[in-house]
Amino acid sequence: MNKTGNASPEIHILFEDNHILGVSKPVNIPSQEDATGDPDMLSLLKEDIKQRYNKPGNVYLGLVHRLDRPVGGAMVFAKTSKAASRLSEAVRSRNIKKQYAAVIHGSPVKSSGQLRDYLMKDSRTNTVTVVPKGTDESKEAILDYKVLEEKDGYSLLLIELHTGRSHQIRVQLSHAGHPLYGDQKYGSHHSKPGQQIALWSVLVGFPHPVTKEEVYLRSAPPLSFPWDLFSDTHLSHTD
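For the sequence shown, position 192 matches number 192 in UniProt numbering, and the numbering has no gaps at all.
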């Protein structure tokens, strides 16, 4: 039994059955509780399930992957521990497809290609940097990109992640000389305070943890600047 609808006025349900819940995360909501104490996706969705299904006591919902707080778009959550275990294994084995849309400053030299770097995270500052291969505790980061459209000094990219490192897309593109529009952390020399980062999870694909059928969760960026610069038909805008 699949259901679609609204988990709240802002959180759109993309797919739901007894095992998984796919939603489109609004921007500026943490994936899970953090030090700010602001409402987070995991808590909001648990409360929504509790109310919609009139469930007493605690509701189980497993966090399978994360999106950075300023990033919106498709996410999947597990409604049972078995689903959580199987989806987590899909993430570990890279058997999950993650595509993002991004608006960057400038135009890459190649219209498509792969970025492969080694990243190091500083937990004290919550920042990530590119470091030489072989650096202790560094992790390899790989992504493919394709330029969909260029306009007014910006480029719209479709990005496929092969690894899921913290801040990976933001760091790798900034290191390549093309920071994301609105990225205050990794593109501050280009961005202005108040700008919203232009990074959106447009697709999450994975084998259903029970039926094994392929599930594709799709979410489109909002029709606001800088997304509205582009007319590419690969991405259908939402309101």
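Backbone N, C-alpha and C define an ideal beta-carbon position, used for all residues, glycine too. Nothing here was measured: the structure is a model prediction, and the numbers come from that model.
Counting C-beta neighbours from all protein chains within 10 Å, is the total for residue i 16 or more, i.e. buried, or is it exposed?
i           : result
residue 34  : exposed
residue 87  : buried
residue 109 : exposed
residue 2   : Caution is warranted here: a pLDDT of 38 is assigned to residue 2, below 50, making its placement in the model unreliable, and the coordinate value is therefore given only provisionally. Result: exposed.
residue 223 : exposed
residue 152 : exposed
residue 165 : buried
In the structure shown, what three-state DSSP assignment does residue i receive?
i           : result
residue 12  : strand
residue 114 : strand
residue 175 : helix
residue 197 : coil
residue 142 : strand
residue 33  : coil
residue 76  : strand
residue 49  : helix
residue 104 : strand
residue 204 : strand
Would the beta-carbon of residue i fall within 7 Å of that of residue j?
i           : j           : result
residue 180 : residue 143 : no
residue 154 : residue 133 : no
residue 219 : residue 67  : no
residue 59  : residue 226 : no
residue 45  : residue 32  : no
residue 217 : residue 22  : yes
residue 65  : residue 128 : no
Nearest-angstrom Cα distance between residue i and residue j?
i           : j           : result
residue 84  : residue 208 : 11 Å
residue 242 : residue 61  : Past the boundaries of the shown model lies residue 242; the chain is included only from 1 to 239, so the question cannot be answered.
residue 79  : residue 97  : 20 Å
residue 205 : residue 173 : 23 Å
residue 146 : residue 131 : 24 Å
residue 106 : residue 157 : 11 Å
residue 317 : residue 169 : This structure cannot speak to residue 317, because the chain is shown only from 1 to 239.
residue 182 : residue 199 : 9 Å
residue 238 : residue 221 : For residue 238, the predicted structure reports a pLDDT of 47, less than 50, and the residue's modelled location is therefore unreliable. A value from the coordinates is still provided. Rounded to whole angstroms, residue 238 to residue 221 spans 6 Å at the Cα level.
residue 90  : residue 211 : 14 Å
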